[in-house]
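Per my numbering: the sequence shown = residues 5 to 118.
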Amino acid sequence: QVQLVESGGGLVQPGGSLRLSCAASGSIFSINAMGWYRQAPGKLRELVAYITSGGSSFYVDSVKGRFTISRDNAKNTVYLQMNSLKPEDTAVYYCNLFPWRDGWGQGTQVTVSS
Numbered sequence: 005q006v007q008l009v010e011s012g013g014g015l016v017q018p019g020g021s022l023r024l025s026c027a028a029s030g031s032i033f034s035i036n037a038m039g040w041y042r043q044a045p046g047k048l049r050e051l052v053a054y055i056t057s058g059g060s061s062f063y064v065d066s067v068k069g070r071f072t073i074s075r076d077n078a079k080n081t082v083y084l085q086m087n088s089l090k091p092e093d094t095a096v097y098y099c100n101l102f103p104w105r106d107g108w109g110q111g112t113q114v115t116v117s118s
């Protein structure tokens, strides 16, 4: 089972940037697609972006052009660069395999507010 540790969240003003990191344990990291997900208060957890083992990426419409997902297979780490942040991006952000499997990490809180 893959264990996941997210970091990099914080409080940022609208228009600001954050870079999230997710360190994954387990030998299956490099052969699986990895995704970033988020859950805002009172809402269901949703996919934000995913990246395949070969480096192809997908983004939901609400973050296209603002977020960039990347991965370093040598470090078993996946990143999410978030630019031009909006208040509606406020959520707890999680990483997981794509499609997700049971075994979520603790997530990292992102708050976009002036």
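Just so it is clear, CB atoms sit at the ideal spot from N, CA and C, and this is done for glycine as well. Everything numeric in this text was worked out from a predicted model, so none of it was measured.
L8 is bridged by DSSP to A28. About 5 Å separates the Cβ atoms of Y83 and S74, confirming a contact at the 8 Å cut-off.
Annotated three-state conformation of A37 is coil, per DSSP. Straight-line measurement puts the Cα of N87 at about 6 Å from the Cα of F71. With a 10 Å radius around the Cβ and a threshold of 16 neighbouring Cβ atoms, E50 comes out exposed. Following the DSSP letters along the chain, one finds D76 inside the beta strand (DSSP E) bounded by residues F71 to D76. Residue pairing for V82: DSSP places it in a beta bridge opposite C26 and R75.
Spanning the alpha carbons of Q110 and G19 requires a straight line of approximately 26 Å.
Residue state for V67 is assigned as helix, using DSSP reduced to three classes. The distance from the Cβ of S25 to that of T81 is about 6 Å, consistent with a contact at the 8 Å cut-off. In terms of Cα proximity to W104, the closest of L22, R42, P91 and G14 is R42.
Cβ contact annotation for N36 (same chain, cutoff 7 Å, sequence separation greater than five): S57 and L101, in chain order.
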